[in-house]
Ligand SMILES: [Zn+2]
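Numbering (the numbering used here), first residue to last: 3 to 312.
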């Protein structure tokens, strides 16, 4: 059942109740006691609905409508915003995340990305919803590295959005690498072969390529066998690729604390990956001029070799 038929005698055919499951992405205050809750649902895409009275301590379902909550909802179709009439908790992921800063910040990045990737309210986003629930379950379970869970989610969300970075094939000509091409270019769309490589492409290590492929394919055995350097570089490439497509910074992503051997994603300083060409000199076509806001992978970040002697 998607939409229940409107009650008899109702003169507005939009009025009716419907049920769906969803993940609470965001809350906004509304008036004295109400909230607008943004939920990524299983069947109705992203829904913004009014939850009345939930900021009162006596609210029946206020506590169930918190970010990260996986809930079963009954909604009443309204003229502008729908109204939440019942909430039941399926998984209270928030309780498992709020006491653990790395998991919490990774979770915030999951919610924000899901929100940003679903701009058309009401447009079905079933695959993204299922991916989000799986990622939250992985984070809350506490057995997987939260940053690998995050990067796997981001990569697979980009696949769903149609922005999958090329990993084994050249983004420009489609030639397969053996097994990987050497260079990665965010503006080009991922891996690039030698004849196609644009200036400013970075040179990920082979373990980084393997990790990118493993996270995209859900190969956790391979992903969990990688070291901190590959995880850090992969995180930088995934974040840069996502940002290139979103065209503005995800607010929560730079807050992800990469403790435990994996440094945080510092997008302002670039990926730290080796760049195979000097980027001094005038900006090339498609690059921001000096002083312009940066996007994607800057090529003048700190480098490990080749350009150390300046
Ligand atoms: Zn090519």
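Ideal placement from N, C-alpha and C gives every residue a C-beta, glycine not left out.
No experiment lies behind these values; they were computed from the predicted model shown.
Leaving out the 5 sequence neighbours to the left and right, which residues in its chain are closer than 6 Å to residue i when beta-carbon positions are compared?
i: residue 41; result: 24, 26 and 49
i: residue 21; result: 76
i: residue 166; result: 160
i: residue 35; result: 55, 57 and 58
i: residue 214; result: 169 and 236
i: residue 191; result: 168 and 173
i: residue 243; result: 167 and 188
i: residue 217; result: 153, 154, 157 and 225
i: residue 179; result: 170
So, at 8 Å on beta carbons, what are the nonlocal neighbours of residue i in its own chain, with the 5 sequence-adjacent residues on each side left out?
i: residue 322; result: Because the chain spans 3 through 312 in this model, residue 322 falls outside it and cannot be assessed.
i: residue 125; result: 47 and 48
i: residue 283; result: Caution applies to residue 283, whose pLDDT of 39 falls short of 50 and renders its modelled position unreliable; the value that the coordinates give is listed next. Result list for residue 283: empty, nothing under 8 Å.
i: residue 133; result: 155, 158, 159 and 162
i: residue 247; result: 160, 163 and 165
i: residue 92; result: 23, 72, 73 and 74
i: residue 146; result: 140, 222 and 226
What are the boundary residues of the beta strand (DSSP E) that residue i is part of?
i: residue 87; result: 84–94
i: residue 53; result: 48–53
i: residue 72; result: 71–78
i: residue 24; result: 19–32
i: residue 42; result: 36–43
State the CB to CB distance for the pair residue i and residue j, rounded to an integer number of angstroms; the pair is presumed to be in contact (CB under 8 Å).
i: residue 174; j: residue 194; result: 6 Å
i: residue 106; j: residue 115; result: Going by Cβ atoms, the distance from residue 106 to residue 115 rounds to 15 Å, so no, they are not a contact pair.
i: residue 86; j: residue 51; result: 5 Å
i: residue 210; j: residue 232; result: 5 Å
i: residue 28; j: residue 117; result: 6 Å
i: residue 141; j: residue 97; result: About 12 Å; that fails the 8 Å criterion.
i: residue 69; j: residue 113; result: 6 Å
Excluding sequence positions up to five away, which residues of its chain have a Cβ less than 7 Å from the Cβ of residue i?
i: residue 2; result: This structure leaves residue 2 out entirely; the chain is present only between 3 and 312.
i: residue 30; result: 37 and 38
i: residue 240; result: 153, 156 and 157
i: residue 84; result: 49, 51, 77 and 78
i: residue 177; result: 171 and 195
i: residue 229; result: 209
i: residue 183; result: 172, 193, 194 and 195
i: residue 181; result: 170
Could you spell out the range, first to last residue, of the alpha helix (DSSP H) harbouring residue i?
i: residue 139; result: 128–143
i: residue 115; result: 103–118
i: residue 149; result: 148–163
Where are the alpha helix (DSSP H) runs, 4 residues long or more, that stay fully inside the stretch 166–246, in chain order?
Fully enclosed alpha helix (DSSP H) runs of 4 or longer: 208–219 and 222–225.
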